[in-house]
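One structure is given below, encoded as C-alpha cells.
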Amino acid sequence: MIRVAIQKKLGAFTLDVSFVSGAGVTALYGVSGAGKTSIVNAIAGLMRPDAGHIELDGITVFDSTSRIFLPPERRGVGYVFQEDRLFPHLSVRRNLSYGQRRSEGHPQPSFDDVIDLLGLAPLLERLPHRLSGGEKQRVAIGRAVLSRPRLLLMDEPLANLDTARRAEILPFLERLCRDLSLPIVYVSHAIEEITRLADTLIVLDRGKVVAAGPVPAITARLDLSPLIDRGDAGTVLVGTIESHDTRYHLTTVAFDGGRLVVPAVGGPVGAALRLRIQARDVAIATSVPTGISTLNCLPGVITELGTGRQAHRDVQVNVGVPILARLTQRSISELGLEPGRQVTALIKSVAVERTDRSAD
Amino acid sequence: MLSPLEVEIVLLSLRVGFWAVLVGLPLAIAAAWLLARTSFPGKAVVDGLLHLPLVVPPVIVGYTLLVLLGRQGVIGAFLDNVFGISFAFNWKGAAVASGVMAFPLMVRAIRLSIEAIDRRIETAARTLGASPLRVFATITLPLALPGILSGTVLAFARSLGEFGATITFVSNIPGETRTLPLAVFSLMQVPGTEAAILRLVLISIAIALAALVVSEYLSRRVAARIRGTPP
Chain P
68 MIRVAIQKKL GAFTLDVSFV SGAGVTALYG VSGAGKTSIV NAIAGLMRPD
118 AGHIELDGIT VFDSTSRIFL PPERRGVGYV FQEDRLFPHL SVRRNLSYGQ
168 RRSEGHPQPS FDDVIDLLGL APLLERLPHR LSGGEKQRVA IGRAVLSRPR
218 LLLMDEPLAN LDTARRAEIL PFLERLCRDL SLPIVYVSHA IEEITRLADT
268 LIVLDRGKVV AAGPVPAITA RLDLSPLIDR GDAGTVLVGT IESHDTRYHL
318 TTVAFDGGRL VVPAVGGPVG AALRLRIQAR DVAIATSVPT GISTLNCLPG
368 VITELGTGRQ AHRDVQVNVG VPILARLTQR SISELGLEPG RQVTALIKSV
418 AVERTDRSAD
Chain R
4 MLSPLEVEIV LLSLRVGFWA VLVGLPLAIA AAWLLARTSF PGKAVVDGLL
54 HLPLVVPPVI VGYTLLVLLG RQGVIGAFLD NVFGISFAFN WKGAAVASGV
104 MAFPLMVRAI RLSIEAIDRR IETAARTLGA SPLRVFATIT LPLALPGILS
154 GTVLAFARSL GEFGATITFV SNIPGETRTL PLAVFSLMQV PGTEAAILRL
204 VLISIAIALA ALVVSEYLSR RVAARIRGTP P
C-alpha cells in the first residue's frame, strides 16, 4: 500500500497530489508536464517535496512535519527509468546482480525466474553497449526487479524505443505485471500501454489528480475526453471466459452486462480476460435490428452525450457497464439520442487485451 | 651501459616521482570528487588554492614549503618532534615538492573524467540500494579510471621534471635530492661535461616516452573496457 500526499513548487508549476495505491499496476497518466515524473522521483527519494507525506507498506519514507527523508538506497523502491541507465563497465550479469545484496530475506523472485521472464539468458555475458535498445531496457527492468523492491516504479520505460522495440517489450512487461506479486507504479502518456498493463488509473493534469479508479471505469468517462487521448484505445471491459465454440472458432465472454462473442482465445473456462472496445467500432440502433451480421448486439441505455468534435461525438452507453460509441452528430440528432433512451449497441469488433491477473 | 652514478640519479628520480604520485593520488581523487560532485561554501577558493602551484613561480612554492615543512617550520618542527619525520634536505622532501607541483595536474585530469560520468547512472545505483560510498567505489571510480590513469602519468612526468621547488626546498644534495634535472643543472656548472649532459638528456627522454607509451596503452584498454569499443 502506497500513500502519497505531497506538494512541490517547481518554478511556475505546482505539484499538489494525493493518492493511495494498492497491489497491481497503478498507472500515472497525463500529458508531459503533468507532474508524473516528479511524483515517482518523490516516491524514490530523488526529489524532496516541499511538504507532505509518503508511506510505503506502513513505513514513512518522507514526512515534512517530522522531518523524515529516507535516502533512495534505504527506501526499497526499484526504479526503471526512461533511459536504461545500465552501468557501462559491467556485464549484463553484474548489472542484474548489482542490487541483489539488499534483498536478503526476500528470496522471490529468483535470479533464474527473472532471467526466464525477461528472456535475458543469451545476454548475460555481454556488455551493455552490445545490446539493442529493447534488450537494454529489458536488462534495466530485470535489474530493478532483482533488487527485490517493495514497490517498482517505471517512468515511461518504452518512451525512448521505436514501435518495433515497444512491441518487443510489451509482452515481457505484461508477464512481469501478471506474474510478480509486486506493486508497480507505471508512468505513461500512452493510453494503449495503460489499458494493457494497468489495473488502477490515476489521471493527472497540471500537477493535480483529476481522476483515479479502476481502468475500465476511468476509460469510459466522457468528461475525461479532453485529457485522455484515447486514440485507438477505446473502453476497457473485464470479463471471464464462459465457453468455447470450436466449430466457428469463437469464444463467449461473460461480463457484468451480458455476453460478448469474440474470436477464439486460449484459456480455460472461467479465466478472466480484459477486452477493449474502440468507440468507432460501436454503432447504435434505436430498435433491435434483425438480419444483421454483427454478433454482438447488446441492449443498453444512453447515459451521457459527449461534447462535439466536428462531425463526431462520443456517446456513453450503459450495457451493464459503460462503453463509448463514436457517432456522427447527424445520427445523434436524427435518431433523437439523449440520456435515458433505450438503445441497442452494435459492437463490430472486440480486441482481447490480455488474460487478466485474477485468471491465475 | 649506465654508470653507477647515472643509475643512482635515475633510481632517485623514479623513487621521488613514485612516492609523489602514490601519496598524492588518493588526495587528488578526493579533491577531484569534491570539486566535481559537491558544492560547499568557499569551493571557488579551494579550487583556486589547488591550482596555485600551476601558476606561481616554483621557487615560491619551494620557499613556502621550506617555511612550513623545514626543520624550523611550523608543521615541520611538529612532525619532527612528534613523529620523527623530517622532510628537510632529504629525498622525502624532494617527493613532497614534486607532489605539490604535480597535484593540480592530477586533480584536473581526474575531475574532468568524473564530471564526464552521467550522474543519472549514479542515481540509478542509489535506487538499487547502494550507499553513496558504494556508488563511488563501484561506479564513479571505475568509470573515472581513464582520467585517473592519465592524471597519474602526467603527474609522474611532471614530478620527474620538477626543478625549482625542489632545489629551493631541499637543495641539491648528491644521492639525496639530486634528481635528473638537478643533476643536469649541476653538470652545466662544470666545463667539459657536454657528453655526460647529453646522456642524462637522452635518459630523461627515454623515461618520459616509456611513461607515455604505458599510459596510452593502459588508458586505451580501460576505455575499451568501459565503452566496449575494441582497442
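So the protein lines, in turn, are chains P and R. Position in the first sequence counted from 1, then plus 67, gives you the working numbering. Position in the second sequence counted from 1, then plus 3, gives you the working numbering. Virtual Cβ for every residue (Gly too), placed ideally from N, Cα, C. Fair warning: this is a prediction, and the values are worked out from it, not measured in the lab.
Could you work out which residues of chain P lie near residue i, taking near to mean beta carbons separated by less than 7 Å?
| i | result |
| --- | --- |
| residue 134/R | 140 |
To the nearest angstrom, report how far apart residue i and residue j are at their CA atoms.
| i | j | result |
| --- | --- | --- |
| residue 110/P | residue 83/P | 14 Å |
| residue 293/P | residue 270/P | 12 Å |
| residue 19/R | residue 145/R | 27 Å |
| residue 245/P | residue 266/P | 11 Å |
| residue 151/P | residue 367/P | 47 Å |
| residue 223/P | residue 214/P | 20 Å |
| residue 11/R | residue 76/R | 30 Å |
| residue 209/R | residue 138/P | 52 Å |
| residue 225/R | residue 119/R | 15 Å |
| residue 92/P | residue 308/P | 23 Å |
| residue 210/P | residue 255/P | 20 Å |
| residue 158/R | residue 125/R | 28 Å |
| residue 226/P | residue 237/P | 12 Å |
| residue 111/R | residue 40/R | 14 Å |
| residue 7/R | residue 212/R | 22 Å |
| residue 126/P | residue 80/P | 29 Å |
| residue 216/P | residue 102/R | 47 Å |
| residue 234/R | residue 220/R | With a pLDDT of only 39 at residue 234/R, under 50, the local geometry of the prediction cannot be trusted, and no value is derived from it. |
| residue 142/P | residue 221/P | 16 Å |
| residue 128/R | residue 138/R | 6 Å |
| residue 410/P | residue 353/P | 5 Å |
| residue 97/R | residue 105/R | 12 Å |
| residue 208/P | residue 71/R | 56 Å |
| residue 403/P | residue 369/P | 11 Å |
| residue 63/R | residue 99/R | 14 Å |
| residue 312/P | residue 324/P | 21 Å |
| residue 167/P | residue 182/R | 52 Å |
| residue 318/P | residue 70/P | 40 Å |
Assuming residue i contacts residue j (C-beta within less than 8 Å), just tell me the rounded distance between them.
| i | j | result |
| --- | --- | --- |
| residue 172/R | residue 25/R | Contact doesn't hold; Cβ gap of about 19 Å is too wide. |
| residue 363/P | residue 328/P | 6 Å |
| residue 274/P | residue 232/P | The pair is not a contact, with the Cβ atoms about 31 Å apart (cut-off 8 Å). |
| residue 73/R | residue 79/R | 5 Å |
| residue 140/P | residue 140/R | The pair is not a contact, with the Cβ atoms about 14 Å apart (cut-off 8 Å). |
| residue 343/P | residue 303/P | 6 Å |
| residue 219/P | residue 249/P | 5 Å |
| residue 107/R | residue 38/R | Not really, about 11 Å apart at Cβ, beyond 8 Å. |
| residue 371/P | residue 289/P | 5 Å |
| residue 85/P | residue 72/P | 4 Å |
| residue 206/R | residue 9/R | 7 Å |
| residue 95/P | residue 252/P | 6 Å |
Tell me the DSSP bridge mates of residue i?
| i | result |
| --- | --- |
| residue 75/P | 82/P |
| residue 25/P | Because chain P here runs from 68 to 427, residue 25/P falls outside it and cannot be looked at. |
| residue 126/P | 123/P |
| residue 267/P | 93/P and 281/P |
| residue 371/P | 383/P |
| residue 326/P | 321/P |
| residue 146/P | 220/P |
| residue 275/P | 272/P |
| residue 412/P | 351/P and 365/P |
| residue 136/P | 129/P |
| residue 70/P | 87/P and 122/P |
| residue 48/R | In the DSSP output, where bridge partners are listed per residue, residue 48/R has none listed. |
| residue 312/P | 317/P |
| residue 157/R | None, per the DSSP bridge assignment. |
| residue 303/P | 343/P |
By the criterion of Cβ-Cβ separation under 8 Å, what are the contact partners of residue i in chain P?
| i | result |
| --- | --- |
| residue 123/R | 148, 150 and 152 |
Does residue i have its Cβ less than 8 Å from a Cβ in chain C?
| i | result |
| --- | --- |
| residue 165/P | Absence of chain C from the displayed structure is noted, the protein chains being P and R. |
Which residues in chain R have a C-beta closer than 9 Å to the C-beta of residue i? List them in chain order.
| i | result |
| --- | --- |
| residue 144/P | 130 |
| residue 210/P | 127 and 131 |
At a CB-CB cut-off below 7 Å, which residues of chain R make contact with residue i?
| i | result |
| --- | --- |
| residue 105/P | Residues of chain R passing the Cβ test: none, with the nearest at roughly 15 Å. |
| residue 214/P | 131 and 132 |
For the region 137-165 of chain R, enumerate the residues whose C-beta is nearer than 7 Å to any C-beta of chain P, in chain order.
142, 145 and 146
Taking a Cβ distance cut-off of 7 Å, strictly less, list which residues of the region 97-125 of chain P are near chain R, in chain order.
111 and 113
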